[in-house]
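Chains as they are written, first to last, in the numbering used here: chain A, 1 to 359; chain B, 1001 to 1359.
Written as structure tokens, this is what we have:
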């Protein structure tokens, strides 16, 4: 063992969860940046019997589902974080060392990693190798990653779209919504989006090509607003927010409408979610309302990557991301999701080494 | 014209809607029994250009959807009643006179008719002829009629049932629920029903063969009750009631569960429906929640009648109805639905002439 060349060492800062939260959205001080000391840039021998991969994290993804992992709730499809331990999330990383035959130093990968500079990944099977191309690496956390795939699977598999139908997307400039709207336009639908600032509304209309968009914060009566934008009613609602918007949509749905429930970002707490009053509309309008998670549809992933890369290269789909620079800004980046501070897909650039950070 | 033999005359009492109701369930005095004078038992000449049928009503059906027609709300799939006019509903009747080539005096028919002794039906196309058999005529308003077909279409088309799945039915002893439970048992499912009296609970377990049943009024915590009856969770919920039961079910659903929304009889008013707080469960559990109306599935009707008649004759499905005798008791019969007074399918016997009334 002593013959082995000493591995280079590196500082490893981490973002850890302080303690579980309950009944409120996360705050910055729920997370703390700690100095994890220095780590040897080699998969440790102790990990040797099971193959592992040591990566340098480049980009980290901030996603709304992560809030659920900050709660002491074990009944979900993904376990909670552990207080005092590093936050986990999707990321793009460079392999530094590997004892897994599928990965070698220098590979670029995406998958579950830690909110830290270097992560030892003991389940490398869940990582995917990324071929570097003209598509920015960070887009593998958005356009070509989980949010893009959520949009793709949700739109094609859950919404059952038909050409000419009326589609409404809430949180429409977000990581998922911006893609849903563009896919719906490519499908020949009429598409309206809602967002929480006029800047986002302009983005929806100007950049993403929505037929119309509105700032829900400036609408005193959401039911009336939707009636204005959809005088004939809504065939498809891609639900990202929940709460009063869902109630207003239910009153404006058309017969045989479909609601794909992707998330409910307005529902900050499991402890006292807002009541939905118009569920009775499901019967006379024969509405199908369906929750989904992208991971149930992974058989479509290769087709998704191929379709989406082509659309992007053909200029038929554009993508907007909102990048924070530096691991120390990751807590604020995540927290900002729940008050709509991000404009587009929120990512954190941890390392500038592959020079694709836009700074 | 004067050569024509004078038609026999008959008294014709009617139940009319007094005025629209709002924000509450119907009361008996919302309807009034009026003397409609005497009518000639012949399709009047004035109706001659369009074929019409004059029927003597035998059985009338009391159904929860009728409440919706007592409101001044025109956005539904069926228009409201008119104040001062006779209540309409499904019924079984004998044809007295017909100018429609498809019907002759003496035919027994089912379809939309009036809450009166004799009805002139100006859209006879919607009537179906009934072959008299060993199955009671009134069952064409239940087991072999709209409620039975609602159960059949809802269970097979909306619930996507699989053998061995865990099925929960609310309002389970009602016109629809009792059939859903029995179909689910025939399909190899584990079936639990809820009802509002211990008598109904005994009926569910004893007569309809549910695996278990409970009185929801005796359960202080519906979520805990469902957890007790479904320790592994619910795959299929056949929703007849809405409100707090739906919230409790959402917390107890299994991954990929299905909720067929047939009706929400607990939701007495459009004006202030109870809020549903646990809709967020749709996402992590990937629940499909779907409203439906039997008339969208009419292609299955012939198969339904054939299947159900066979099940009945084979003793595999039983049916319980709750009959009121006399048109004067129809308002109370309808009103009783909304406080659960009926035990089984509620019908009103208007005429004893075919001697199948059980009195």
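Every residue gets a Cβ at the ideal spot worked out from N, C-alpha and C, and that includes glycine.
Review point. Over what stretch of residues does the beta strand (DSSP E) that includes residue 1364 of chain B continue unbroken?
Key: In the structure as shown, chain B starts at 1001 and stops at 1359, and residue 1364 of chain B therefore has no counterpart that could be examined.
Point to revise | Exposed unless 16 or more other CB atoms sit within 10 angstroms - verdict on residue 290 of chain A | key: Residue mapping note: residue 290 of chain A aligns to position 290 of the first chain, counting from 1. When all chains shown are included, residue 290 of chain A counts as buried.
Review point. Nearest CA to the CA of residue 1325 of chain B: which residue from B/1117, B/1155, B/1005?
Key: Along the second chain, one-based indexing puts residue 1325 of chain B at 325. When only C-alpha atoms are compared, the closest one is B/1117.
Point to revise | Own chain, CB closer than 8 Å to residue 9 of chain A, minus 5 neighbours either side, in chain order | key: Looking up residue 9 of chain A in the first chain gives position 9. Excluding positions up to five away in sequence, the list reads 38, 39, 40, 41.
Point to revise | Distance between residue 1031 of chain B and residue 1014 of chain B (C-alpha atoms, nearest Å) | key: To locate residue 1014 of chain B, count along the second chain from 1; it is residue 14. To locate residue 1031 of chain B, count along the second chain from 1; it is residue 31. Distance between the alpha carbons of residue 1014 of chain B and residue 1031 of chain B is about 10 Å.
Review point. Is residue 100 of chain A helix, strand or coil when you go by DSSP?
Key: The sequence position of residue 100 of chain A within the first chain is 100, counting from 1. DSSP places residue 100 of chain A in coil when its eight states are reduced to three.
Review point. Using 8 Å as the Cβ pair cut-off and three pairs as the minimum, do the stretch 246 to 255 of chain A and the stretch 271 to 283 of chain A touch?
Key: yes
Review point. Helix, strand or coil for residue 1142 of chain B per DSSP?
Key: In the second chain, residue 1142 of chain B corresponds to position 142, counting from 1. It is coil, neither helix nor strand.
Review point. Three-state secondary structure (DSSP) at residue 41 of chain A?
Key: Translated into the one-based positions of the first chain, residue 41 of chain A becomes position 41. Note: residue 41 of chain A maps to coil in three-state DSSP.
Review point. Taking the Cβ atom as the reference point for each residue, do residue 164 of chain A and residue 188 of chain A lie within a distance shorter than 8 Å?
Key: On the first chain, residue 164 of chain A is found 164 positions in, with the first residue counted as 1. On the first chain, residue 188 of chain A is found 188 positions in, with the first residue counted as 1. For residue 164 of chain A and residue 188 of chain A, yes; Cβs fall inside 8 Å.
**Study point:** Any chain A beta carbon closer than 8 Å to residue 1077 of chain B
**Key:** Against the second chain, residue 1077 of chain B aligns to sequence position 77. It does; some Cβ of chain A falls within 8 Å.
**Study point:** C-beta neighbour in chain A for residue 1174 of chain B, strict 8 Å
**Key:** Translated into the one-based positions of the second chain, residue 1174 of chain B becomes position 174. Judged by the 8 Å Cβ criterion, residue 1174 of chain B is not in contact with chain A.
Point to revise | Contacting positions in the stretch 268 to 293 of chain A - beta carbon closer than 9 Å to chain B | key: 270, 272, 273, 274, 275, 276, 277, 278, 279, 280, 281, 282, 283, 284, 285, 286, 287, 288, 289, 290, 291, 292, 293
Exercise for review: Pull up the DSSP beta-bridge partners for residue 322 of chain A, would you.
Suggested key: Taking the first residue of the first chain as 1, we reach residue 322 of chain A at position 322. A/346.
Review point. So what's residue 1238 of chain B in DSSP terms, helix, strand or just coil?
Key: As a working note, residue 1238 of chain B is residue 238 in the second chain. Correct three-state label for residue 1238 of chain B: strand.
Exercise for review: Note down the Cα distance separating residue 1219 of chain B from residue 1170 of chain B, rounded to an integer number of angstroms.
Suggested key: Taking the second chain and counting its residues from 1, the one referred to as residue 1219 of chain B is at position 219. Taking the second chain and counting its residues from 1, the one referred to as residue 1170 of chain B is at position 170. About 14 Å.
Check your understanding: According to DSSP, is residue 57 of chain A helix, strand or coil?
Key -> Here residue 57 of chain A is taken as the residue at index 57 of the first chain, counted from 1. Residue state, collapsed to three classes: strand.
Practice item. For residue 162 of chain A, count neighbouring Cβ atoms within 10 angstroms of its own Cβ and tell me buried if that reaches 16, exposed if not. Key: By 1-based counting over the first chain, the position of residue 162 of chain A is 162. That one is exposed.
**Study point:** Secondary structure of residue 1088 of chain B, DSSP reduced to three states
**Key:** Residue mapping note: residue 1088 of chain B aligns to position 88 of the second chain, counting from 1. Correct three-state label for residue 1088 of chain B: strand.
Exercise for review: Determine the burial state of residue 1057 of chain B: buried for a count of at least 16 other Cβ atoms within 10 Å of its Cβ, exposed for fewer.
Suggested key: Residue mapping note: residue 1057 of chain B aligns to position 57 of the second chain, counting from 1. Result: buried.
Practice item. Output the residue ranges of the beta strand (DSSP E) runs that lie fully inside the stretch 193 to 229 of chain A and measure 3 residues or longer, sorted by chain position. Key: 212 to 215
Review point. How is residue 341 of chain A classed by DSSP in three states: helix, strand or coil?
Key: Numbered from its first residue, the first chain carries residue 341 of chain A at position 341. Looking at residue 341 of chain A - three-state DSSP - the assignment turns out to be coil, as it is neither helix nor strand.
Check your understanding: So, using beta-carbon positions, are residue 55 of chain A and residue 96 of chain A closer together than 8 Å?
Key -> For the purposes of this step, residue 55 of chain A is identified with residue 55 of the first chain, where counting begins at 1. For the purposes of this step, residue 96 of chain A is identified with residue 96 of the first chain, where counting begins at 1. Taking 8 Å as the Cβ cut-off, residue 55 of chain A and residue 96 of chain A qualify as a contacting pair.
Check your understanding: Which value, in whole angstroms, describes the spacing of the CA atoms of residue 216 of chain A and residue 1233 of chain B?
Key -> Locating residue 216 of chain A in the first chain gives position 216, counting from the first residue. Locating residue 1233 of chain B in the second chain gives position 233, counting from the first residue. Between residue 216 of chain A and residue 1233 of chain B, the C-alpha separation is close to 37 Å.
Check your understanding: Quick one: what's residue 120 of chain A bridged to in DSSP?
Key -> Taking the first chain and counting its residues from 1, one reaches residue 120 of chain A at position 120. Residue 120 of chain A pairs with A/54.
Exercise for review: Give a yes or no on whether the minimum CB-CB distance between residue 1261 of chain B and chain A is below 8 Å.
Suggested key: Mapped onto the second chain, residue 1261 of chain B falls at position 261. Cβ-Cβ to chain A under 8 Å: yes for residue 1261 of chain B.
Review point. For residue 358 of chain A, does the three-state DSSP call read helix, strand or coil?
Key: Walking along the first chain from the start, residue 358 of chain A turns up at place 358. Residue placement at residue 358 of chain A is poorly supported in this model, since its pLDDT is 42, which falls under 50; the coordinates still yield a value, given next. Looking at residue 358 of chain A - three-state DSSP - the assignment turns out to be coil, as it is neither helix nor strand.
Check your understanding: Applying a beta-carbon distance threshold of less than 7 Å, which residues of chain B neighbour residue 72 of chain A?
Key -> Translated into the one-based positions of the first chain, residue 72 of chain A becomes position 72. Residues of chain B passing the Cβ test: none, with the nearest at roughly 15 Å.
Check your understanding: Cα separation between residue 1357 of chain B and residue 184 of chain A?
Key -> Taking the second chain and counting its residues from 1, the one referred to as residue 1357 of chain B is at position 357. Taking the first chain and counting its residues from 1, the one referred to as residue 184 of chain A is at position 184. No answer about residue 1357 of chain B holds up, because its pLDDT of 44 lies below 50 and its placement is not dependable.
Review point. Where residue 1304 of chain B and residue 1145 of chain B are concerned, what is the direct C-alpha to C-alpha distance, given to the nearest angstrom?
Key: Residue 1304 of chain B sits at position 304 when you count from the first residue of the second chain. Residue 1145 of chain B sits at position 145 when you count from the first residue of the second chain. The alpha-carbon atoms of residue 1304 of chain B and residue 1145 of chain B are separated by roughly 10 Å.
Practice item. Measuring alpha carbon to alpha carbon, tell me which of B/1178, B/1076, B/1026, B/1133 ends up nearest residue 1143 of chain B. Key: To locate residue 1143 of chain B, count along the second chain from 1; it is residue 143. The candidate whose alpha carbon is nearest that of residue 1143 of chain B is B/1178.
Exercise for review: Determine the direct distance from the alpha carbon of residue 264 of chain A to that of residue 20 of chain A, and round the result to whole angstroms.
Suggested key: For this step, residue 20 of chain A is matched to residue 20 along the first chain. For this step, residue 264 of chain A is matched to residue 264 along the first chain. Taking the straight line joining both Cα atoms gives about 20 Å.
Exercise for review: Step through the CB atoms of chain B and report whether any lies within less than 8 Å of the CB of residue 264 of chain A.
Suggested key: Residue 264 of chain A sits at position 264 when you count from the first residue of the first chain. Judged by the 8 Å Cβ criterion, residue 264 of chain A is in contact with chain B.
Practice item. Give a yes or no on whether the C-beta atoms belonging to residue 260 of chain A and residue 213 of chain A are separated by under 8 Å. Key: Against the first chain, residue 260 of chain A aligns to sequence position 260. Against the first chain, residue 213 of chain A aligns to sequence position 213. It is not a contact, given that the beta carbons lie outside the stated cut-off.
Point to revise | Below-8 Å beta-carbon distance, residue 1134 of chain B vs any chain A residue | key: Reading the second chain from its first residue, position 134 is the one you call residue 1134 of chain B. Not one chain A Cβ lies under 8 Å of residue 1134 of chain B.
**Study point:** Touch test, the stretch 1306 to 1314 of chain B against the stretch 1327 to 1336 of chain B, Cβ-Cβ under 8 Å, three pairs minimum
**Key:** no
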